[in-house]
Amino acid sequence: MNWHELSANWDHTVGKLQTWFPALDRSRLADPPRDSRALTRHIADMHELTVEEARDALQDFMHREDLARRATELASQ
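Residue numbers for the sequence shown, in our numbering: 192 to 268.
Structure, rendered in structure tokens:
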């Protein structure tokens, strides 16, 4: 999953993000952040993480979502 995929379906994605990052402020995330750095900073601030830790956690989330999407696609073939 890349930033375009994450932000294109924001209403769906933000719910999944909140499962991984429960302290996210949904009111500040009504619209997708302008880029992944802004979301990374928000995750870091809300979860008492460094920016590097938040970036790694967001990348893990995006990778897991990509794997889940691929598994679903394979299962439907």
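Ideal placement from N, C-alpha and C gives every residue a C-beta, glycine not left out.
Among the options, nearest to residue i - alpha-carbon criterion
| i | options | result |
| --- | --- | --- |
| N193 | T263, F212, I234 and S227 | S227 |
| R246 | R255, I234 and E256 | I234 |
| L208 | M253, E243 and A229 | M253 |
| T210 | R260, Q268, E256 and S267 | E256 |
Beta-carbon gap between residue i and residue j smaller than 8 Å
| i | j | result |
| --- | --- | --- |
| L215 | T231 | no |
Practice task
Evaluate the contact criterion for the stretch 238-256 versus the stretch 216-224: three or more CB pairs, one atom per stretch, below 8 Å.
Solution key: Verdict: no, contact absent.
Handout entry: Runs of beta strand (DSSP E) lying entirely within the stretch 209-249, each at least 3 residues, in chain order
Key = Correct list: empty.
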